[in-house]
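Undergrad: Heads up, the sequence shown is in the numbering used here, so the first residue is 188 and it goes up one at a time. Note that the Cβ used here is the ideal one computed from N, Cα and C, for glycine as well.
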Amino acid sequence: MNNKDFITELSRRSGYTPEDTQKLIHTLIDGLCDGFDAGEPVVWAGFGTFEVKKRLERVITNPSTGQKMLIPPKLVLNFKPVSSAKERLKKGGDEP
Numbered sequence: 188m189n190n191k192d193f194i195t196e197l198s199r200r201s202g203y204t205p206e207d208t209q210k211l212i213h214t215l216i217d218g219l220c221d222g223f224d225a226g227e228p229v230v231w232a233g234f235g236t237f238e239v240k241k242r243l244e245r246v247i248t249n250p251s252t253g254q255k256m257l258i259p260p261k262l263v264l265n266f267k268p269v270s271s272a273k274e275r276l277k278k279g280g281d282e283p
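#1: Where are the beta strand (DSSP E) runs, 3 residues long or more, that stay fully inside the stretch 193 to 279, in chain order?
#2: By Cβ distance, which residues of its chain are closer than 7 Å to residue 201, with the 5 residues on each side in sequence left out?
#3: Mapping the DSSP letters down to three states, classify residue 190 as helix, strand or coil.
#4: Using only the alpha-carbon positions, how far apart do residue 214 and residue 248 sit?
#5: Round the Cβ separation of residue 235 and residue 269 to the nearest angstrom and send it over; I've been treating them as touching at under 8 Å.
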């Protein structure tokens with residue numbers, strides 16, 4: 188599902204216009220990003236938790252050349268879904 192399909196389906200389900208739905212999605216994403224910038228976990232009840240974690244510096248080896256390389260530390264976004272969402276996916280997503 189691409190962005191246009193997602194906005195169309197969401198606007199159909201919510202009864203809002205596609206333009207209003209797109210503004211709502213952008214506002215939601217901006218709010219999530221503000222939480223990420225603050226370094227705080229963003230908990231979305233019934234969906235899951237987004238958390239920024241620091242991946243430590245590490246040494247890797249290129250398998251084809253055998254050369255060792257240093258990978259610098261970086262921040263990564265981690266998502267942990269609620270257990271009900273995981274169960275729904277395990278069952279094929281048929282249950283609400």
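TA: To lay it out plainly:
#1: Taking only runs of at least 3 residues, the beta strand (DSSP E) segments lying wholly in the stretch 193 to 279 are 229 to 231, 235 to 242, 245 to 248, 255 to 258 and 261 to 268.
#2: 208
#3: helix
#4: 42 Å
#5: 5 Å
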